[in-house]
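Read the structure below first, then the notes.
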Amino acid sequence: TAEKLLEGKDGAVVALDPNNGDVLVMASAPGFDQNDFIGGISSKKWKALISDPGKPMINKAIQAEYPPASTYKIITAFAALEEKYIDVNTTAYCPGFLKYGNRIYRCWNKHGHGELSVIDAIAQSCDVFFYQAGDKVGVDTLAQYAMGSGLGKKTGIILENERKGLIPTSAWKKKRFKESWQGGETLSIAIGQGYNLVTPLQMAVLIAAVGNGGTLYRPRIVKTIKDSHGNIIKKIEPEIKGGLPASKETLAIVRKGLLKVVQGERGTARRIRLKNIEIAGKTGTAQVFSIKKTEKKEKKDLKYFLKDHAWFICYAPARNPVIAIAVIIEHGEHGSSTAAPIAGALIEQYIKN
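For the record, in the sequence shown the residue sitting at position 154 is 154 according to my numbering, with numbers rising by one throughout.
Take a look at the structure:
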């Protein structure tokens, strides 16, 4: 089960049926023992629960907000392709960094990726490609595509206290900080850092829509309502909330990139490849705080709570998906090493059964 896979970790897992929005799995960790509440909880236990830095009392799948990190490159790709700033053959050269104004913006691969098209930039998660694409598109158009893909607003699940995350615009920054938007901030947004915040459920809905060909479903927990005799008095039908702001051509290009993330020889999640099931997905490493280049080497010794969060969002089988998953492991460092294996294990279990 997802709870077992999350044991000893902090984070959340959401799995949806991409063909109707049904919630297959929703788990949040750390959890708490519900038996503690029977007959009233002691004040000592209650204090321990509410002051636990792992936040066991919230359902992180819908109430915790995180930077989407490189999973957001799906949005940047949609925007750049749809607005015709790039096409399937456009390449960019990545030497490992981008000089922008008087600042250096680094790629996670300090040796550089060389010459890349959008499909390989998704597969290898090249920051430089997406810095350049995002710069062309601009923050407000990126926000339009993000909102159109279900980010920055509630999914509409029937659970209490769902959070909506944050998709920044230049007007939002002006209102919030009384400051103008800076070009360099767009580069951070384009790779899912900066002010961006999403919930695991939002990312599951997004990747499910990519997998099903573009339909955004409202996540469904209840299919039928019955009376006391067990007779069905109401059926809850699947509900379409909208469509992704991407043409069939754009979706096909992005899906090729997502397939190469796992199936490609240089894909960032190639280690989780399964024998008979093709997986398409995207890894992400969300910075909890930024580290100066000079401090990079001490990253291994950072206290747990300063380590990056690890994302993996995916669907499987890649051609006709029956499951879509979002996994976030807090302070798990790399999506490829901590979040992706959890998704791989769930896919294997679900499809085999």
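Ideal placement from N, C-alpha and C gives every residue a C-beta, glycine not left out.
Alpha carbon to alpha carbon, how far is residue 63 from residue 152? Give it in angstroms, no decimals. 13 Å
What did DSSP end up calling residue 185 once you bin it into helix, strand or coil? Correct three-state label for residue 185: helix.
Alpha-carbon spacing of residue 59 relative to residue 201, whole angstroms: 11 Å
Measuring only the C-alpha atoms, how far is residue 122 from residue 259? Distance between the alpha carbons of residue 122 and residue 259: 9 Å.
Do residue 166 and residue 79 count as a contact pair if the criterion is CB distance below 8 Å? Taking 8 Å as the Cβ cut-off, residue 79 and residue 166 do not qualify as a contacting pair.
Quick check: the region 82-97 against the region 224-234, are at least 3 beta-carbon pairs closer than 8 Å? no
Distance, residue 312 Cα to residue 18 Cα: Between residue 18 and residue 312, the C-alpha separation is close to 16 Å.
Look up residue 329 in the DSSP assignment and give the residues it is bridged to. 11 and 310
Can you give the beta carbon distance from residue 15 to residue 24, rounded, assuming they're within the 8 Å contact cut? 4 Å
When the Cα of residue 237 is compared with those of 222, 213, 198 and 251, which residue comes out closest? 222
Nearest to residue 93 (by Cα), restricted to the options 320, 186, 185 and 113: The residue with the shortest Cα to Cα distance from residue 93 is 113.
Tell me which residues share the same chain as residue 293 and place their Cβ nearer than 6 Å to its Cβ, disregarding the 5 neighbours each side in the sequence. Reliability of the predicted coordinates at residue 293 is poor, the pLDDT of 47 falling under 50, and the value obtained from them is presented with this limitation in mind. So the list is empty, once near-sequence residues are dropped.
Just the C-alpha distance for residue 175 and residue 346, rounded to the nearest angstrom, thanks. Roughly 43 Å separates the two Cα atoms.
Taking Cβ positions, are residue 253 and residue 128 nearer each other than 8 Å? no
Distance check for residue 27 and residue 256, CA to CA, integer angstroms please. 29 Å
Could you please give the first and the last residue of the uninterrupted beta strand (DSSP E) stretch that includes residue 163? Here residue 163 belongs to no beta strand (DSSP E), and DSSP marks it neither H nor E.
Sorted by chain position, which residues of the same chain lie with C-beta nearer than 6 Å to residue 225's C-beta, five sequence neighbours on each side aside? Excluding sequence neighbours, residue 225 sits near 233 and 234.
Ranges of the beta strand (DSSP E) found wholly within the region 80-106, counting only runs of at least 3: 91-94, 97-100 and 103-106
Under a three-way DSSP split, which group does residue 288 fall into? coil
How is the beta strand (DSSP E) around residue 42 delimited, first residue to last? Premise fails: residue 42 is in no beta strand (DSSP E) and is neither H nor E.
Could you check what DSSP says for residue 220 in three-state terms: helix, strand or coil? strand
Alpha-carbon spacing of residue 120 relative to residue 172, whole angstroms: Rounded to whole angstroms, the gap between the alpha carbons of residue 120 and residue 172 is 33 Å.
Residue 115, enclosing beta strand (DSSP E) - first and last residue: 114-117
Could you tell me the boundaries of the alpha helix (DSSP H) in which residue 209 lies? 200-212
Counting along the chain, where does the alpha helix (DSSP H) carrying residue 233 start and finish? Residue 233 -> not in any alpha helix (DSSP H); beta strand (DSSP E) instead, spanning 232-235.
Mind listing, in chain order, the continuous beta strand (DSSP E) runs of no fewer than 3 residues lying wholly within the region 236-291? Here the runs fully enclosed are 240-243 and 280-286.
Cα separation between residue 132 and residue 341? 31 Å
Taking 8 Å as the threshold (beta carbon to beta carbon), is residue 205 in contact with chain B? Going by chain labels, chain B is absent from the structure shown, which holds only one protein chain.
Top-ranked residue by Cα proximity to residue 91, from 100, 99 and 81: Taking only the C-alpha atoms, the option nearest residue 91 is 81.
Looking at C-alpha atoms only, which residue of 138, 310 and 205 is the closest neighbour of residue 67? Closest in C-alpha terms to residue 67, from the list 138, 310 and 205, comes 310.
Do residue 241 and residue 150 have their C-beta atoms within less than 8 Å of each other? The answer is yes: Cβ separation under 8 Å.
Apart from the five residues just before and just after residue 111, which ones in its own chain have a Cβ nearer than 7 Å to its Cβ? Closer than 7 Å at the Cβ level, and outside the excluded window around residue 111, lie 96.
Same chain, Cβ closer than 7 Å to residue 198, neighbours up to 5 away in sequence not counted: 65, 66, 68, 151 and 165
Under a Cβ-count criterion, where at least 16 other Cβ atoms within 10 Å of its own Cβ denotes burial, should residue 9 be classed as buried or exposed? Buried, since its Cβ has 16 or more Cβ neighbours within 10 Å.
Assuming residue 137 and residue 76 are in contact, meaning their beta carbons sit under 8 Å apart, how far apart are those beta carbons, in whole angstroms? 7 Å
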